[in-house]
Structure formats: structure tokens, C-alpha cells
Amino acid sequence: MFERADEAARAARAMAGEARIVAARAARPDLENGERMTYDGGASYIGQVADGKRQGLGVATLANGEFQSGEWSDDRLNGLGTVRLADETRYTGQWRAGQSTGLGVGEKPGVERSEGNFVDGRLEGLGLRRTLVDPNVQLGGEFHAGKLEGPGIERIGERERYEGSFLNGQRNGFGQLTTADGKTVSGRWADGKLVESTP
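Right, here's the structure in full:
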């Protein structure tokens, strides 16, 4: 399972790389047919426009500090692009109708990084999530609404590993834990806790 999740994460990183290239092209000052639009409240857009709507490559800067760059259709990000919030949280990858949907990479700097398939801004399907603080926790497998569901793997630090079932992001069902000191515990888990050991 982890290998499939890792493959999805690699594909997401590749897509994010393509999205960064598109976002950089959108931000070029010599963008062909680029126009500047300003909005009430302090937001602005510099890029391609059709029929008064953002259409093609462009960059929007919102009054709250949010930055959106990439491919636009019907006034919304659609295709490849990147969004960076004022707190530096970002998503780079595929967009559909203004939502981070498709392959991509989401990151809260210094907190966590998610790679895989997204639907409406949350991991959905195969992917990986890593915390960027100690202890480093890495989750791999199938995600639903941003939480690990079904078979998956959780690595804590360099040496502790759980492989088994998850429900709502927690160990739930049968699984096996290998502790940092090399001991193995198998059994049934509920709400993240071992409730029944098996030999």
C-alpha cells in the first residue's frame, strides 16, 4: 500500500512542478495580452482577460494577502496553478472551478506536507502526509476527506511503524505495530488504541 501511495505522491510532486512553471509564466511582466484589473476591497489581477473575466494566464492578489497564480477560466483558477495564503500555507497543482482538485502538493510550512490526489482542498485517494515537526509522522495510503481510511501505514520517527487498518485517520481494525525498540505487537485497534493483542 505504501508503495502505491508513494507513486501517487511522486506523480503529485511532478504535477506541482508543472504547476510552478505555469504560475511563473503567469507572473511574467511581459505576458502577452495581459491586463490589469482592480476590485473593490483592494484585490487586483494582472493577466489575460476575455469578456471582462479572468481567462488564460494570470496572477490575482487579494486584500487579505492571498496570492493566486496560474491558468484561469471563467474568473476562477482552472488547470494548473498555485495559491499561497497570508500565513504561507500553499497548494500547488491541478485546479478545477477554483478548487484545489487533482494531483498536487499542499503545505503548511513547518507543520505538514501532503502529496497526492485532492478534492476540494483535501487529500482524497492515494497519497502521503508528513508532519514537519518532531516526532515526524508519515501517513501513507487511501485518504477520504483528508483522513486516512482503510489499509495504510503510519511511520513515527525513524523506527516506529504501524501497518494495518485506519478509520477516520486513526488506527482502527487489525494491524501490526513495530516499536522503536524492535518489538512487534499485532492485534485489533479502536480509536487509535490497541484493544486486543493477537499472538
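Here the working numbering is used: the first residue of the sequence shown is 10, the next is one more, and so on. Idealized CB from N, CA, C, for every residue including glycine. Keep in mind the model is a prediction, meaning the values are calculated, not measured.
When the options are compared against residue i, the one with the closest alpha-carbon
{"i": "Val204", "options": "Lys192, Ser78, Ser82, Leu186", "result": "Leu186"}
{"i": "Gly111", "options": "Val68, Thr101, Ser174", "result": "Thr101"}
{"i": "Leu66", "options": "Gly74, Tyr48, Ala33, Asp129", "result": "Ala33"}
{"i": "Arg19", "options": "Leu137, Ala189, Ser109, Thr207", "result": "Leu137"}
{"i": "Asp49", "options": "Asp39, Glu133, Asn73", "result": "Asn73"}
{"i": "Tyr54", "options": "Trp81, Val31, Leu135", "result": "Trp81"}
Close Cβ partners of residue i (< 7 Å) along its chain, the five nearest in sequence each way excluded
{"i": "Ala199", "result": "Asn181"}
{"i": "Asn166", "result": "The sequence given here places Gly at residue 166; Asn does not occur at that position. For Gly166, where only same-chain residues beyond five positions count, the Cβ hits under 7 Å are Pro144, Asn145, Ala189."}
Rounded C-alpha distance that separates residue i from residue j
{"i": "Glu41", "j": "Gln57", "result": "8 Å"}
{"i": "Glu97", "j": "Leu141", "result": "15 Å"}
{"i": "Ala3", "j": "Pro208", "result": "Look at the range of the chain in this structure, 10 to 208, and you will see that residue 3 is not part of it."}
{"i": "Leu71", "j": "Arg131", "result": "22 Å"}
{"i": "Glu116", "j": "Arg105", "result": "19 Å"}
{"i": "Ala28", "j": "Leu148", "result": "24 Å"}
{"i": "Met24", "j": "Ser109", "result": "12 Å"}
Beta-carbon proximity list for residue i, same chain, < 6 Å, skipping 5 on both sides
{"i": "Val194", "result": "Leu186"}
N-terminal and C-terminal residue of the alpha helix (DSSP H) that residue i is part of
{"i": "Glu16", "result": "11-35"}
**Prompt:** Going along the chain, which unbroken runs of the alpha helix (DSSP H) with 4 or more residues stay wholly within the region 91-132?
**Reply:** none
**Asked** Enumerated in chain order, which unbroken segments of the alpha helix (DSSP H) with a length of 4 residues or greater are wholly contained in the region 60-93?
**Response** none
**Item:** Ordered list of beta strand (DSSP E) runs contained in the region 161-187, each at least 3 residues
**Value:** 169-176, 179-187
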